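Engineer: Take this structure, written in structure tokens, and hold onto it; I'll ask about it next.
Protein chains: 2
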Amino acid sequence: MSIKSLQRTTLRDQCLNGLRSAITSGQLPAGHHLVETELSEAFGVSRGTLREAMRRLEQEGLLVAGPRGQLRVREINEGEIGHLYQVRAALEVLAARSLCQHADFPDRLETLRECLARLHAVEGNLGEQIEADLSFHRTLCELSGNSVLLSSWLALEGPVRVTIMHAGIERALNNMSSSRHDHLLEVLSQRDPAHIERVLVEHMDEAAQRLMQAMETQSAG
Amino acid sequence: MSIKSLQRTTLRDQCLNGLRSAITSGQLPAGHHLVETELSEAFGVSRGTLREAMRRLEQEGLLVAGPRGQLRVREINEGEIGHLYQVRAALEVLAARSLCQHADFPDRLETLRECLARLHAVEGNLGEQIEADLSFHRTLCELSGNSVLLSSWLALEGPVRVTIMHAGIERALNNMSSSRHDHLLEVLSQRDPAHIERVLVEHMDEAAQRLMQAMETQSAG
DNA sequence: GCATTGTAAACTGTTAACAAATGCATGCAG
DNA sequence: CTGCATGCATTTGTTAACAGTTTACAATGC
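Top line first, the protein sequences correspond to chains H and R.
For reference, each letter of the first sequence is one residue, going 1 to 221 in the UniProt record's numbering.
For reference, each letter of the second sequence is one residue, going 1 to 221 in the UniProt record's numbering.
Right under this line is the structure:
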């Protein structure tokens with residue numbers, strides 16, 4: 001019999017995860033004012049516990065503080081989308097570069113191939129496709145072996161998810177086609193840093209462009 | 001008579017700043033266990049207020065949580081120093097690239113020149129030199145106009161400061177000579193992205209190497 | 001009507017107290 | 001002396017309550 005080390009989960013962390021998924025799933029729309037008393041009651045915890053969770057989300061960039069400390073769900077404007085994806089590109093290029101330098105490059109590439117397979121498998125399922133896409137890119141950062149790089153990327157994941165929700169899932173999905181990622185992995189497997197950089201930057205630029213266009217047509221309609 | 005809108009400062013933010021400077025100044029050594037009751041008493045605030053500040057420092061990467069939620073000042077090992085400076089390099093390269101694309105490039109360069117002048121002015125003063133060095137690089141990110149880039153860089157600033165303190169101020173100062181930054185700015189002024197990238201990456205690699213050596217000799221001695 | 005002043009409701013900032021868990025020390029039995 | 005159990009001290013998790021501020025709205029006076 002296998003004894004799983006059972007994890008003690010604090011209420012604070014449960015609030016954190018609950019709130020995060022509520023925000024990144026669009027359940028709490030951008031700009032929405034989070035009232036502590038409402039939320040603490042909804043989660044069934046005290047305000048103090050909830051506030052600690054909110055402080056973290058604030059720093060994660062999912063919440064922004066108003067004049068009197070009121071926290072609202074962050075709104076992402078077009079300019080920030082561009083910035084966001086430029087930084088993502090820079091980080092993932094570094095990840096890819098680092099990956100190339102590892103002795104067991106082929107093994108690590110194999111892990112990425114599995115992520116890609118999953119992306120293929122869930123094609124069409126809205127929610128799953130987002131997860132698989134982000135998972136692919138997150139795995140790239142993990143495989144780099146650079147822990148600082150990974151945590152920097154993770155700090156971007158929240159805002160990225162908010163952007164996707166804000167721009168509309170259907171539109172965002174265009175960025176997550178498995179074919180685009182097939183290309184990415186193919187280039188990656190050539191282990192040519194300069195080439196990878198070019199393609200990755202292009203990949204991110206395209207993604208940002210589409211998301212920005214989605215938001216334009218949204219506000220226009 | 002002029003009435004200035006007076007700024008309200010919360011105890012939480014004061015704790016945050018106080019704790020952060022205590023850590024980054026080395027007053028609280030790496031690995032030190034922070035006891036909530038001690039600190040709250042020292043600051044003269046309640047535990048709840050202090051805890052909110054600590055949650056932010058935790059996410060800033062200045063504190064790490066132990067098994068039972070005990071928070072300790074983060075210890076940075078050699079490997080992480082390398083990772084840290086690789087990510088810094090990637091971000092600052094992006095900043096420099098963005099800078100080059102701005103129409104008012106010369107104006108922004110001038111701001112950087114002022115930062116450099118300050119670095120020259122405080123040469124020899126330990127504490128001031130660290131501030132001036134970080135200020136130079138931070139300004140580079142600000143001038144990029146990319147807010148996401150800036151906040152990613154700021155998330156790295158804490159750990160960088162801890163590293164500097166951990167490696168020893170005197171050793172770290174070798175990285176902050178004004179001459180090295182003279183060179184950086186000179187290359188920057190040529191507005192050649194590829195060249196800048198090469199020099200910036202080299203700049204960061206050297207810095208990381210020295211800090212890592214400093215830690216080696218430290219642990220050996 | 002319009003401006004000003006009370007007034008109440010809604011929230012956040014902050015605190016103090018209670019509960020649970022962990023680690024340590026004391027003391028006892030073998 | 002070893003091993004173990006018990007109780008105590010320490011520390012974090014969590015809660016409820018209090019205090020101060022802002023906002024909206026009604027009341028008052030001109």
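Using N, Cα and C, we set each Cβ at its ideal position, and we do this for glycine too.
Every value quoted in this text rests on a predicted model; they were computed, and no experiment measured them.
Does the CB of LEU116 of chain R have a neighbour CB from chain H at under 7 Å?
Structural biologist: Reading the second sequence from its first residue, position 116 is the one you call residue 116 of chain R. By this cut-off, LEU116 of chain R is not an interface position.
Engineer: Is LEU109 of chain R helix, strand or coil by DSSP?
Structural biologist: Working through the second sequence from its first residue, we reach residue 109 of chain R at position 109. LEU109 of chain R: helix per DSSP, three-state reduction.
Engineer: Keeping to the same chain, check which residues put their C-beta closer than 7 Å to that of LEU149 of chain R; ignore five residues upstream and five downstream.
Structural biologist: Here the question's residue 149 of chain R lines up with position 149 in the second sequence. The answer, listed in chain order, is LEU91, LEU94, ALA95, CYS141.
Engineer: So the candidates are H:GLU41, H:THR111, H:ARG161; which of them puts its Cα closest to the Cα of GLU75 of chain H?
Structural biologist: For the purposes of this step, residue 75 of chain H is taken as the residue at position 75 of the first sequence. The shortest Cα separation from GLU75 of chain H among H:GLU41, H:THR111, H:ARG161 belongs to H:ARG161.
Engineer: For ARG72 of chain R, which of helix, strand or coil comes out of DSSP?
Structural biologist: The residue you call residue 72 of chain R lines up with position 72 of the second sequence. If DSSP states are grouped into helix, strand and coil, ARG72 of chain R belongs with the strands.
Engineer: Please report whether the beta-carbon of SER5 of chain H lies at a distance below 7 Å from any beta-carbon of chain R.
Structural biologist: As a working mapping, residue 5 of chain H is identified with position 5 in the first sequence. Annotation note: pLDDT 47 at SER5 of chain H (below 50); position unreliable, coordinate value reported separately. Chain R, which has no Cβ nearer than 7 Å to the Cβ of SER5 of chain H, makes this no.
Engineer: So GLU52 of chain H and ARG12 of chain H are in contact, right, with Cβ under 8 Å, and what is the actual spacing, rounded?
Structural biologist: Position 52 of the first sequence, counting from 1, holds the residue named residue 52 of chain H. Position 12 of the first sequence, counting from 1, holds the residue named residue 12 of chain H. Contact holds; Cβ gap of about 5 Å.
Engineer: On the three-state DSSP scale, how would you describe VAL122 of chain R?
Structural biologist: As a position in the second sequence, residue 122 of chain R is number 122, starting the count at 1. In this structure, VAL122 of chain R counts as coil in the three-state DSSP scheme.
Engineer: Closer than 6 Å by C-beta to MET165 of chain H: which residues in its own chain qualify, once you throw out the five before and the five after it? Chain order, please.
Structural biologist: Against the first sequence, residue 165 of chain H aligns to sequence position 165. Excluding residues within five positions, the ones whose Cβ falls inside 6 Å are GLY26.
Engineer: Measure the C-alpha to C-alpha separation of ASP192 of chain R and CYS100 of chain R and round it to an integer number of angstroms.
Structural biologist: Mapped onto the second sequence, residue 192 of chain R falls at position 192. Mapped onto the second sequence, residue 100 of chain R falls at position 100. Computed Cα separation, rounded: 8 Å.
Engineer: Count the other C-beta atoms from every protein chain shown that fall within 10 angstroms of the C-beta of PRO159 of chain R, then say buried if there are 16 or more, exposed otherwise.
Structural biologist: Your numbering for residue 159 of chain R matches position 159 in the second sequence. That one is buried.
Engineer: What residues from chain R crowd round GLY66 of chain H, counting only those whose CB sits closer than 9 Å?
Structural biologist: If you number the first sequence from 1, residue 66 of chain H lands on position 66. Ordered by position in chain R, no residue passes the 9 Å Cβ test against GLY66 of chain H, which lies about 13 Å from the chain.
Engineer: Can you grab the Cα-Cα spacing for the pair GLU60 of chain H / ARG55 of chain R, in whole Å?
Structural biologist: Here residue 60 of chain H is taken as the residue at index 60 of the first sequence, counted from 1. Here residue 55 of chain R is taken as the residue at index 55 of the second sequence, counted from 1. Their backbone Cα atoms lie some 12 Å apart in a straight line.
Engineer: Pick helix, strand or coil for VAL64 of chain H, following the three-state DSSP scheme.
Structural biologist: Looking up residue 64 of chain H in the first sequence gives position 64. Three-state result, VAL64 of chain H: strand.
Engineer: Within a Cβ cutoff of 8 Å, which residues of the same chain sit near GLN129 of chain R, ignoring the five residues on either side of it in sequence?
Structural biologist: Within the second sequence, numbered from 1, the residue matching residue 129 of chain R stands at position 129. Taken in chain order, the residues that qualify are LEU119, VAL122, GLU123, LEU173, MET176.
Engineer: Quick one: which chain H residues come within Cβ less than 8 Å of VAL148 of chain R?
Structural biologist: Along the second sequence, one-based indexing puts residue 148 of chain R at 148. Under the 8 Å cutoff, chain H gives GLU80, HIS83, LEU84, GLN86, VAL87, LEU156, PRO159.
Engineer: Take GLN190 of chain H and list the residues in its own chain whose beta-carbon comes closer than 6 Å to its own, dropping the five residues that flank it on each side.
Structural biologist: Here the question's residue 190 of chain H lines up with position 190 in the first sequence. For GLN190 of chain H, where only same-chain residues beyond five positions count, there are no Cβ hits under 6 Å.
Engineer: Report yes if the C-beta distance between VAL73 of chain H and LEU109 of chain H is below 7 Å; otherwise report no.
Structural biologist: Against the first sequence, residue 73 of chain H aligns to sequence position 73. Against the first sequence, residue 109 of chain H aligns to sequence position 109. Contact flag unset, no.
Engineer: Within the segment 122-195 of chain H, note down every full alpha helix (DSSP H) run reaching 4 residues or more, in order along the chain.
Structural biologist: Fully enclosed alpha helix (DSSP H) runs of 4 or longer: 126-143, 147-167, 169-173, 178-189.
Engineer: How long is the line joining the alpha carbons of GLU206 of chain R and ILE196 of chain H, rounded to whole angstroms?
Structural biologist: Position 206 of the second sequence holds residue 206 of chain R. Position 196 of the first sequence holds residue 196 of chain H. The alpha-carbon atoms of GLU206 of chain R and ILE196 of chain H are separated by roughly 25 Å.
Engineer: Taking 7 Å as the CB-CB limit, is ARG210 of chain H close to chain R?
Structural biologist: Against the first sequence, residue 210 of chain H aligns to sequence position 210. No, because no Cβ of chain R sits closer than 7 Å to the Cβ of ARG210 of chain H.
Engineer: Does DSSP put GLY221 of chain R in a helix, in a strand, or in coil?
Structural biologist: Within the second sequence, the letter at position 221 stands for residue 221 of chain R. Reliability of the predicted coordinates at GLY221 of chain R is poor, the pLDDT of 44 falling under 50, and no value is obtained from them.
Engineer: I want to see whether chain R comes within less than 7 Å of SER2 of chain H, judged by CB atoms only; does it?
Structural biologist: As a first step, residue 2 of chain H must be located in the first sequence, where it is residue number 2. Only weak support exists for where SER2 of chain H lies, its pLDDT of 44 falling under 50; the value from the coordinates is given anyway. No, no contact with chain R.
Engineer: Considering only DSSP beta bridges, list what HIS33 of chain H is partnered with.
Structural biologist: To locate residue 33 of chain H, count along the first sequence from 1; it is residue 33. Paired residues: H:ARG72.
Engineer: Do ALA208 of chain R and GLY82 of chain R have their CB atoms nearer than 7 Å?
Structural biologist: Along the second sequence, one-based indexing puts residue 208 of chain R at 208. Along the second sequence, one-based indexing puts residue 82 of chain R at 82. Contact: yes.
Engineer: Could you spell out the range, first to last residue, of the alpha helix (DSSP H) harbouring ASP104 of chain H?
Structural biologist: Here the question's residue 104 of chain H lines up with position 104 in the first sequence. From DSSP, ASP104 of chain H is part of no alpha helix (DSSP H); its letter is neither H nor E.
Engineer: Measure from the C-beta of GLU206 of chain H to each C-beta in chain R and report whether the shortest distance is under 7 Å.
Structural biologist: Residue numbering aside, residue 206 of chain H sits at position 206 when the first sequence is read from its first letter. No, no contact with chain R.
Engineer: Anything in chain R within Cβ reach of GLY48 of chain H, meaning under 7 Å, just list it in chain order.
Structural biologist: Within the first sequence, residue 48 of chain H is the residue found at index 48, counting from 1. Going along chain R in sequence order, the residues near GLY48 of chain H (Cβ under 7 Å) are GLY48.
Engineer: Look at the Cβ atom of SER152 of chain H, then the Cβ atom of VAL87 of chain R, and state whether they are nearer than 7 Å.
Structural biologist: Counting from one through the first sequence, the residue named residue 152 of chain H turns up at place 152. Counting from one through the second sequence, the residue named residue 87 of chain R turns up at place 87. Closer than 7 Å, so yes.
Engineer: CA-CA distance, GLN213 of chain R and ALA155 of chain R?
Structural biologist: Position 213 of the second sequence, counted from the start, is the residue given in the question as residue 213 of chain R. Position 155 of the second sequence, counted from the start, is the residue given in the question as residue 155 of chain R. Taking the straight line from one Cα to the other gives about 24 Å.
Engineer: Can you tell me whether DSSP reads ARG47 of chain R as helix, strand or coil?
Structural biologist: Locating residue 47 of chain R in the second sequence gives position 47, counting from the first residue. Reduced to three states, the DSSP call for ARG47 of chain R is helix.
Engineer: Taking LEU11 of chain R as part of the alpha helix (DSSP H), name the residues at either end of that continuous run.
Structural biologist: Indexing the second sequence from 1 puts residue 11 of chain R at position 11. Where LEU11 of chain R is concerned, the enclosing alpha helix (DSSP H) stretches over 11-24.
Engineer: ASN77 of chain R: buried (16+ other C-beta within 10 angstroms of its C-beta) or exposed?
Structural biologist: As a first step, residue 77 of chain R must be located in the second sequence, where it is residue number 77. Classification for ASN77 of chain R: exposed.
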